[in-house]
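Single-structure report; data block below.
2 protein chains.
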Amino acid sequence: MPQIKYYWEDFAVGQVRDLGTISPTREEIIAFASQFDPQPFHLDDEAARASVFGALSASGWHTCSMAMRLMVTNFLCETSSLGSPGLEGLKWLKPVYPGDTLRLQSTMLETKPMGKRPDVGMTRNLWEMFNQHGDKVLHMEGWGMFRRRTPAAPTP
Amino acid sequence: MPQIKYYWEDFAVGQVRDLGTISPTREEIIAFASQFDPQPFHLDDEAARASVFGALSASGWHTCSMAMRLMVTNFLCETSSLGSPGLEGLKWLKPVYPGDTLRLQSTMLETKPMGKRPDVGMTRNLWEMFNQHGDKVLHMEGWGMFRRRTPAAPTP
């Protein structure tokens, strides 16, 4: 298990992190869609051409999962992350096509102690994914829970 | 391609649909996490026992993807679905463990025409997933776009 480098106290509003790139192949897009999102426009070129997407594109859940992979590999694995209770919003803004290069960026929006657990803090992050043309394809705002380096003092 | 049974006009606020069940195996949970969410508590029993989840549990994105599979197979494939612009909220409420039986239920919250496209209508749905104990594990509110059976009359 990697060393923990960042605890909750190390996060500050406004911090921006570049979390690397990932590029899905046509085979990966079809494999994910076959298992989890078998809509014709994610599986078949002809159906995709007739769809609003214009060509074979990745399931939105595949895009989220690829963003998660970058988050874990390039950020969470070095942190005291305890998981996430969820997201406040998620937008699939543009289709993701085979061979696209997707770059993930995170911006810290808010940090706050977790009332009921003095050893845990919460963060609210903006996660944005851009393709090689600079178009934003994914926008998410989500909460994270991180262990604190030093638990909060008990409230009197 | 299956026959379209439901167009946008066929959806009404308050409709509740039972969209079947899905049960992830331990192998599927580890395979998904290895590819997309390699945090120790999704891969390794010992790390999982030491985590807030108490035992090996599925990536939240795996849970969402399983919900999508039920949506597509038991609902969207019979509709004029054109995809989704995103979600307004997503909550991972309880861990999902190997062998859990997850049931998906959808409730129609809102329907409205799509201003800029007379042939398309929007829906806002609540998606809820429950485990075999009746505990809600996933809560999502999301938008869908569906082709209309009859395009809206042009506004004068």
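Heads up: the protein sequence lines correspond to chains A and B, in order.
Our numbering puts the first residue of the first sequence at 96, with every later residue one more than the last.
Our numbering puts the first residue of the second sequence at 96, with every later residue one more than the last.
Ideal Cβ positions, reconstructed from N, Cα and C, are used throughout, including at glycine.
Proximity test, Cβ basis, 9 Å: H234/B and chain A: The residue labelled residue 234/B in the question sits at position 139 within the second sequence. At least one chain A Cβ lies under 9 Å of H234/B.
Does the contact criterion of 3 or more C-beta pairs under 8 Å hold for the stretch 240 to 248 of chain A versus the stretch 134 to 142 of chain A? no
Host beta strand (DSSP E) of F225/B (start-end): Counting from 1 along the second sequence, the entry for residue 225/B is found at position 130. From DSSP, the beta strand (DSSP E) with F225/B extends over V215 to F225.
Minimum length 3: unbroken beta strand (DSSP E) runs contained in the stretch 158 to 218 of chain B: 181 to 187 and 197 to 208
Out of L151/A, V111/A, G216/A and A145/A, which has the shortest C-alpha to C-alpha gap to A128/A? Stepping through the first sequence from its first residue, residue 128/A is reached at position 33. Selected option, being the one with the closest Cα: L151/A.
Would you identify the three-state DSSP class for F131/B, choosing helix, strand or coil? Within the second sequence, residue 131/B is the residue found at index 36, counting from 1. Helix, per DSSP.
Across which residues does DSSP place K231/B in a beta bridge pair? For the purposes of this step, residue 231/B is taken as the residue at position 136 of the second sequence. F225/B, per the DSSP bridge assignment.
Secondary structure of R244/B, DSSP reduced to three states: In the second sequence, counting from the first residue as 1, residue 244/B sits at position 149. Coil, per DSSP.
Which value, in whole angstroms, describes the spacing of the CA atoms of R212/B and F225/A? Residue 212/B sits at position 117 when you count from the first residue of the second sequence. Residue 225/A sits at position 130 when you count from the first residue of the first sequence. One C-alpha to the other measures close to 26 Å.
List, in chain order, every chain B residue whose beta-carbon is nearer than 9 Å to that of R144/A. Counting from one through the first sequence, the residue named residue 144/A turns up at place 49. Near R144/A there are no residues of chain B at all, since even the closest Cβ is about 14 Å away, more than 9 Å.
Is any beta-carbon of chain A found at less than 9 Å from that of T196/B? As a first step, residue 196/B is located in the second sequence; it is residue number 101 there, counting from the start. Answer no: the Cβ-Cβ gap between T196/B and chain A never drops below 9 Å.
Less than 9 Å between the C-beta atoms of G194/B and R121/B, yes or no? Within the second sequence, the letter at position 99 stands for residue 194/B. Within the second sequence, the letter at position 26 stands for residue 121/B. Yes. Within cutoff.
Of the residues T202/A, M203/A, M217/A and E123/A, the one placed nearest S175/A, counting alpha carbons only: Position 80 of the first sequence, counting from 1, holds the residue named residue 175/A. Measuring from the Cα of S175/A, the nearest candidate turns out to be M217/A.
Judging by CA-CA distance, which residue of A247/B, R219/B and A248/B is the nearest neighbour of V108/B? If you number the second sequence from 1, residue 108/B lands on position 13. Among A247/B, R219/B and A248/B, the Cα nearest to that of V108/B belongs to R219/B.
Residue of V215/B, L233/B and V232/B minimising C-alpha distance to Y102/B: As a first step, residue 102/B is located in the second sequence; it is residue number 7 there, counting from the start. The shortest C-alpha separation from Y102/B is found at V215/B.
Option in T116/B, H234/B and R144/B with minimal Cα separation from L177/A: Looking up residue 177/A in the first sequence gives position 82. L177/A has its Cα closest to that of R144/B, out of T116/B, H234/B and R144/B.
Contact with chain A by D214/B, beta-carbon distance below 9 Å: For this step, residue 214/B is matched to residue 119 along the second sequence. Chain A, which has no Cβ nearer than 9 Å to the Cβ of D214/B, makes this no.
On the criterion of 16 or more Cβ atoms from any shown chain inside 10 Å, does G149/A qualify as buried, or is it exposed? On the first sequence, position 54 is the one that residue 149/A refers to. Under this definition G149/A is an exposed residue.
Examine chain A for any beta-carbon lying closer than 9 Å to the beta-carbon of F136/B, and answer yes or no. As a working note, residue 136/B is residue 41 in the second sequence. Judged by the 9 Å Cβ criterion, F136/B is in contact with chain A.
Leaving out the 5 sequence neighbours to the left and right, which residues in its chain are closer than 8 Å to T245/B when beta-carbon positions are compared? As a first step, residue 245/B must be located in the second sequence, where it is residue number 150. Around T245/B: E104.
Should H228/B be labelled buried (16 or more other beta-carbon atoms within 10 Å of its own) or exposed? For the purposes of this step, residue 228/B is taken as residue 133 along the second sequence, with counting starting at 1. That one is exposed.
DSSP beta-bridge partners for Y101/A? Residue 101/A sits at position 6 when you count from the first residue of the first sequence. DSSP output for Y101/A lists T174/A as bridge partner(s).
Determine, for F148/B, whether the minimum Cβ-Cβ distance to residues of chain A falls below 9 Å. In the second sequence, the residue the question calls residue 148/B occupies position 53. It does; some Cβ of chain A falls within 9 Å.
Check the Cβ of M163/A against every Cβ in chain B and list those closer than 9 Å, keeping chain order. In the first sequence, the residue the question calls residue 163/A occupies position 68. The contacting residues are F131, D132, S154, G155 and W156.
Buried/exposed call for K186/A, threshold 16 Cβ in 10 Å: For this step, residue 186/A is matched to residue 91 along the first sequence. Flag for K186/A reads buried.
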